[in-house]
Structure formats: C-alpha cells, structure tokens
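In this note's numbering, the protein residues as written are 18 to 330.
C-beta: ideal position from N, C-alpha, C; glycine also.
Since we're looking at a predicted model, the values are computed, not measured.
Accompanying notes for the structure given below.
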C-alpha cells in the first residue's frame with residue numbers, strides 16, 4: 018500500500034473499478050461526490066477500457082478523484098489495485114454501473130462509530146434500477162434484516178453486495194486480496210474469509226445503494242455464477258469456515274445454493290436446468306422449518322415452483 022497521506026480515522030477511500038462503462042460511470046462518480054460525508058478520496062481503476070472511461074475521469078476537477086489505468090485483468094484485480102492505492106483507513110466499493118444515496122457514507126460511518134472497533138465491515142441493503150436509472154421493484158422480497166452477519170450467514174447467502182460495503186483497510190493485509198481467479202462471487206469469497214477469521218460484519222437493512230440491472234451485468238451468466246458460487250462454497254467447506262462435521266448445515270447450504278442457481282438459470286432462460294436445480298434443492302433439504310434464517314419466506318421453494326409453472330409458454 019502507498020504511504021498514507023495525513024488522515025483521520027474517519028476518512029474513506031472509495032474504489033470504483035471500471036471496464037467499458039463510460040456511459041454509466043458519470044452517475045457513479047456523481048453519487049460519490051454528492052455524499053454528505055466529505056471525508057473521502059475516490060479511486061477510479063480503469064481496467065483496460067477501450068471506451069471513453071479515461072475522458073470521463075479527466076473531466077472531473079474535484080481533487081479527491083484519483084485515476085489509475087491498468088491492462089485488463091478483471092474486477093477482482095481492479096479492486097485489489099484500488100486497495101493498494103488507498104490512503105485512508107476505510108475502503109468502500111462501488112461498481113461503475115451502480116450508485117449511492119447521498120447519505121451512504123455518513124450512515125455507514127455512523128454505524129462504525131456506534132458498533133466500535135471490533136467491527137471490520139458494514140454493508141447496507143440495495144435497491145434496483147434499470148439501464149436508464151429508473152427504479153425497479155425487486156423480483157423477490159429481501160428477508161434479510163438489520164443484524165450482524167457471520168461466516169455462517171455468508172455460506173448461506175451472498176448479502177450484502179459489494180457496492181454497499183465499507184471495510185477497514187487493515188483487514189485486507191490479514192485476509193489477502195480479492196481472488197482474481199473468480200469472475201463472480203469474489204465478494205462472497207472475501208466476506209467469508211473476513212468473518213471466518215473472527216472479524217465482525219454488520220448489515221444495515223436500509224437500502225442506501227442502488228444496483229443497475231442491464232444486459233451487460235456480470236451476473237447475467239448463470240452457468241458462470243453457478244460454477245463460481247459452488248467453488249466459493251467448496252473452499253469455505255475445505256477451510257472450515259463452518260466446521261465440516263456440521264453436515265446438516267452444509268446440506269442446507271447446498272440446498273440454498275441450488276435454489277438460487279435455479280432462479281438465475283430461470284431468469285436467463287435456461288428453464289429446463291432451472292427445474293433440475295430446484296428439484297435438487299428440495300432433495301438435499303426438503304423442508305426449512307425456519308426459512309427466515311436463510312432470508313426466505315415460508316414455503317419459498319413451493320412459491321418458486323408456482324412461479325416457474327405460471328411462466329411456462
């Protein structure tokens with residue numbers, strides 16, 4: 018990491034990795050510069066873009082904006098560059114196609130102050146928008162409420178998303194960088210590693226970030242999402258993030274994995290595979306007596322089954 022500039026414990030380094038998102042980037046940058054919390058620097062890491070990303074950054078005259086360019090190496094590598102260049106005690110992540118509410122940083126900093134130094138990360142709930150920036154209703158209700166999240170939580174669900182997370186910078190020195198071999202689920206892998214080492218992670222149920230849904234989303238690749246999320250879970254099992262002998266837990270985790278994989282495949286048009294994965298989920302763990310513990314409503318697989326049936330051509 019570079020030598021730190023004179024700073025206070027309140028300052029945040031905001032990292033925006035950008036790859037050919039010049040049409041979205043001004044909104045992301047603008048949402049950071051509009052924060053009611055002024056103690057930040059903004060690091061834009063251009064991951065080998067071939068569009069106008071450099072020109073967009075050059076138009077910013079705010080001295081808090083810093084621009085770095087690298088050969089294309091992927092989202093994880095771009096975030097790692099931002100972490101290395103960060104000069105302040107906290108690092109926040111925002112994808113180039115997403116945006117924050119003006120109170121995002123002030124609210125998260127307030128939570129850090131309230132929670133105390135034993136908490137290493139704070140994340141918030143997220144809203145959704147379309148490519149034009151118009152609000153979207155969530156396709157499924159978020160049953161995850163304000164609470165501390167643990168390695169167990171992250172092995173079950175990938176919440177919160179990286180664009181709503183702020184982490185103490187020194188944690189990366191202990192837990193290592195984002196895994197550049199993962200082209201999705203790299204944030205979940207990081208949150209599992211952080212919490213498995215005993216660092217505490219708090220989730221705030223207030224939606225202070227907005228995730229853009231559009232055809233170029235990295236998540237719009239269901240087979241890749243399945244492969245990477247499965248790899249993250251296998252690593253967590255092998256590392257003992259949750260003890261391997263907790264067989265019932267791991268069966269539930271595998272069941273939820275296939276349930277979520279069924280939804281991503283259904284949304285991407287792989288209807289036959291979606292049915293297969295939904296039935297695999299039910300076979301692994303037929304009944305969740307306390308579905309709120311996996312952030313789902315009662316009878317959530319039956320609800321998914323009914324939705325799949327209604328959507329048949």
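Per DSSP, the continuous beta strand (DSSP E) segment holding residue 221 begins and ends at 217-229. In this structure, residue 279 and residue 250 do not form a Cβ contact; the two beta carbons are roughly 15 angstroms apart against a cut-off of 8 angstroms. Taken through DSSP and simplified to helix, strand or coil, residue 305 comes out as coil. No Cβ-Cβ contact shorter than 7 angstroms links residue 106 with residue 62. Taking residue 170 as reference, the option from 313, 325, 69, 323 with the minimal CA-CA separation is 313.
The C-beta distance from residue 68 to residue 37 rounds to 5 angstroms, short enough to fall under 8 angstroms.
For residue 146, the closest alpha carbon among the candidates 116, 162, 204 is that of 116. Here residue 262 is exposed. Its C-beta has fewer than 16 other C-beta atoms within 10 Å.
Following the DSSP letters along the chain, one finds residue 38 in no beta strand (DSSP E), marked with neither H nor E. Within the region 64-119, complete beta strand (DSSP E) segments of at least 3 residues are found at 82-87, 107-110, given in chain order. The continuous beta strand (DSSP E) containing residue 182 extends over residues 182-185.
With contacts defined as CB atoms closer than 7 angstroms, residue 108 and residue 186 qualify as a contacting pair. Look at the region 244-314 and you find these whole runs of alpha helix (DSSP H), each 4 residues long or longer: 264-284, 288-301. Closest option to residue 277, judged by alpha-carbon separation, among 182, 213, 218, 172: 172. Contact check for residue 70 against residue 95 fails: the beta carbons are separated by 7 angstroms or more. When the alpha-carbon of residue 66 is set against those of 176, 92, 77, the nearest one is in 92. With respect to residue 195, residue 97 sits close: the two C-beta atoms are nearer than 7 angstroms. For residue 72, there are no CB contacts under 6 angstroms within the same chain when 5 residues up- and downstream are skipped. Boundaries cannot be given for residue 53, as no beta strand (DSSP E) includes it and DSSP labels it neither H nor E. Counting only the Cα atoms, residue 316 lies some 12 angstroms from residue 302. Ranked by how close their Cα comes to the Cα of residue 304, the residues 143, 323, 265 have 265 in first place. Contact fails between the region 118-136 and the region 197-206, because fewer than three Cβ pairs, one in each stretch, are under 8 angstroms apart.
In terms of CA proximity to residue 285, 230 leads the group 144, 230, 247, 253. By the CB criterion at 7 angstroms, residue 57 and residue 132 fall outside the cutoff.
Residue 128 is classed as buried because its beta carbon has at least 16 other beta carbons within 10 Å across all chains shown. Taking 7 angstroms as the cut-off, the Cβ atoms of residue 140 and residue 224 do not count as close.
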